[in-house]
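> Take 0 as the starting number for the sequence shown in numbering that gives the first Met the number 0 and just add one per residue.
Below you'll find the structure I mean.
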Amino acid sequence: MDAYELRAQFPVLGRVAYLNAGTDGPLPARATRAASEELEREAQDGRALSHFERRFALADELRSAYAGLLGCKASDVALTTCTSEGIAQTISGLELGHGDEVVTSDEEHPGLLGALSAERQLRGVSVRAVPLLDVANAVGPRTRLVACSHVGWMSGLEAPKELAQLDVPVLLDGAQGVGAVEVDVGALGCDAYAGAAQKWLCGPDGAGMLYVTASLRERLAVSRRGYVNLADPDAGMDARVHGDARCLDAFSLSAETLACALAAVGVLAEAGWSAVHARARGLAALLAGRVQERGRELAPRGETTLVSFSSADAVEERVRLAREGIVIRNIPGRPWLRASVGAWNDENDLDRLLRALDN
């Protein structure tokens, strides 16, 4: 991989030490051009049948690209608007009720916790939270689902490999996984995996993916149905949903969103996913060591792309760093700052952050 060439694809990096892909990744210029070209085409040509045919074609391409990243068949991938949508679709579709339990971790994102709180409040489902590394061992006789992060958004810890051996369905929140680290849904042993375009895939807000095994799809009640979810939309009230993951697709993804997401994935794919993952992990490990040398406490982390560390006033320090052209984030409710390190970053970005932390 030519690291200099990859970095040159991202305009923001010419001005900012951007270490915040765990929130939203940097947009490559090719992706913004692709979105602009779609909008210009719509403005010049109108939006007749050919426009919708193009949207469907772009959706097929993006679905295949995401399937390649996840290590699965395209027919097992739904296109969503974000990680949270895929999570909510899966959890609500199981139609759990009183007496059923979901095991999760104590460092989950609101995107997962929101769906779980709805199950508890509306359906009487019991939700039990344990440390991420203990979720596999927490499964009991009433457990109907394990729902947790593949990579924890606060610390960068990875879910335990023992999840692959469980007899209950496993739903992984892949917001900090896909694009950042290698993902093989078969090896992970998960039944569902939800991810987003805008983070480590450097795409637009409003796009994402949901992998669901055929066996789990058979159990999901698809209560939310629109045109794109139907195999025979002209059949009126007798219309059937698609037999593959398209039954869970978001109702409407614009051509510009699809094109932007597809172009962004293409930029990273051309660099080579193995090289992208290895470089990001290596730079993150380098940053973690140098932060620790400065007396900052590191949050427990795996070999991932997130580096969270202590701060006496995380909000004030984040704001100060932003004024100096360094973009990271604080973790709400914890005295931590989090740097998200991608293959597009370089040691100059790390050095800018480290010098600023010394001040």
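Glycine included, each C-beta is placed from N, C-alpha and C at the ideal position.
On a predicted model such as this, the values are computed, not experimentally measured, just so you know.
What is the C-beta distance between residue 308 and residue 298, in whole angstroms, given that I count them as a contact (C-beta under 8 Å)?
Yes, residue 308 and residue 298 are in contact; Cβ-Cβ is about 7 Å, under 8 Å.
> If distances are taken between C-alpha atoms only, which option among 70, 31, 28 comes closest to residue 210?
Checking every option, the nearest Cα to that of residue 210 belongs to 70.
> Given that a residue counts as buried once 16 or more other Cβ atoms are within 10 Å of its Cβ, and exposed if not, what is residue 97?
Exposed is the call here.
> Does the separation of the CB atoms of residue 156 and residue 281 fall below 8 Å?
No, these two residues do not count as a Cβ contact at 8 Å.
> Pick from 32, 47, 15, 121: whose alpha carbon is nearest that of residue 256?
Cα-wise, what sits closest to residue 256 is 32.
> With 16 as the cutoff for other CB atoms within 10 Å, does residue 168 come out buried or exposed?
Buried.
> Which value, in whole angstroms, describes the spacing of the CA atoms of residue 326 and residue 107?
Their backbone Cα atoms lie some 23 Å apart in a straight line.
> Note the first and the last residue of the continuous alpha helix (DSSP H) segment covering residue 379.
Because residue 379 is not part of the residues shown, which for the chain are 0 to 358, the question remains open.
> Got a sec? Which residues, its chain only, sit under 7 Å from residue 181 by beta carbon, not counting five neighbours each side?
Excluding positions up to five away in sequence, the list reads 276.
> Can you give me the start and stop residues for the beta strand (DSSP E) that residue 327 sits inside?
That residue, residue 327, is in no beta strand (DSSP E); it is neither H nor E in DSSP.
> Taking C-alpha atoms, which residue in 241, 213, 310, 179 lies nearest to residue 23?
Closest by alpha carbon: 179.
> Output needed for residue 171: all residues of its chain with C-beta closer than 6 Å, excluding positions within five of it in sequence on either side, in chain order.
So the list reads 149, 189, 192, once near-sequence residues are dropped.
> If we ignore side chains and look at the alpha-carbon of each, how far apart do residue 360 and residue 61 end up?
This structure cannot speak to residue 360, because the chain is shown only from 0 to 358.
> Can you list, in chain order, the residues of its chain with a C-beta nearer than 8 Å to that of residue 355? Leave out the 5 residues immediately preceding and following it.
Same-chain partners within the cutoff: 319, 320, 323, 325.
> Can you look up residue 228 in the DSSP assignment and give me helix, strand or coil?
Residue state, collapsed to three classes: helix.
> Looking at the secondary structure, which residues open and close the alpha helix (DSSP H) in which residue 335 lies?
Taken as a continuous stretch (DSSP letters only), residue 335 belongs to no alpha helix (DSSP H), being part of the beta strand (DSSP E) at 335-339.
> So what's residue 304 in DSSP terms, helix, strand or just coil?
The answer is coil: DSSP assigns residue 304 none of H, G, I, E or B.
> Have a look at residue 110 and residue 175 and give me their C-alpha separation to the nearest angstrom.
Their Cα atoms are separated by approximately 12 Å.
> Determine the direct distance from the alpha carbon of residue 333 to that of residue 89, and round the result to whole angstroms.
Rounded to the nearest angstrom, the two C-alpha atoms are 29 Å apart.
> What residue range is occupied by the uninterrupted beta strand (DSSP E) comprising residue 78?
Segment 76-79, the beta strand (DSSP E) holding residue 78.
> Please state whether the Cβ-Cβ distance between residue 173 and residue 194 is less than 8 Å.
In this structure, residue 194 lies closer than 8 Å to residue 173 by Cβ.
> Checking 8 Å against the spacing of the C-beta atoms, do residue 3 and residue 208 come in under that value?
No.
> Closest to residue 353 by C-alpha separation, out of 341, 285, 330, would be which residue?
For residue 353, the nearest C-alpha among the options comes from 285.
> Pick from 213, 43, 80, 296: whose alpha carbon is nearest that of residue 244?
Taking only the C-alpha atoms, the option nearest residue 244 is 213.
> What number of angstroms, rounded off, separates the C-alpha of residue 394 from the C-alpha of residue 40?
Nothing about residue 394 can be read from this structure; the chain reaches only from 0 to 358.
> Going by CA-CA distance only, name the one from 231, 130, 358, 117 that's closest to residue 151.
Closest by alpha carbon: 130.
> Would you call the CB atoms of residue 221 and residue 252 closer than 8 Å?
The answer is no: Cβ separation not under 8 Å.
> Looking at residue 215: is its Cβ nearer than 8 Å to the Cβ of residue 264?
The answer is no: Cβ separation not under 8 Å.
> Starting from the C-beta of residue 290, find all residues in its chain whose C-beta is less than 6 Å away, skip the five residues before and the five after it, and write them out in chain order.
So the qualifying residues of the chain are 308.
> Figure out for me which residue from 36, 21, 1 has the closest Cα to the Cα of residue 392.
There is no way to answer for residue 392, as the model of the chain reaches only from 0 to 358.
> Could you check if residue 231 belongs to the surroundings of the ligand NAD, using beta carbon to heavy atom distance under 7 Å?
The ligand NAD is not among the ligands present in this structure, which contains no ligands whatsoever.
> Rounded to the nearest angstrom, how far is the Cβ of residue 21 from that of residue 305, given a contact under 8 Å?
With 8 Å as the limit, residue 21 and residue 305 qualify as a contact, their Cβ atoms being about 6 Å apart.
> Using the Cβ count rule (16 or more neighbours within 10 Å means buried), how would you classify residue 92?
Buried is the call here.
> What residue does the alpha helix (DSSP H) around residue 110 start on, and which one ends it?
First-last of the alpha helix (DSSP H) with residue 110: 109-122.
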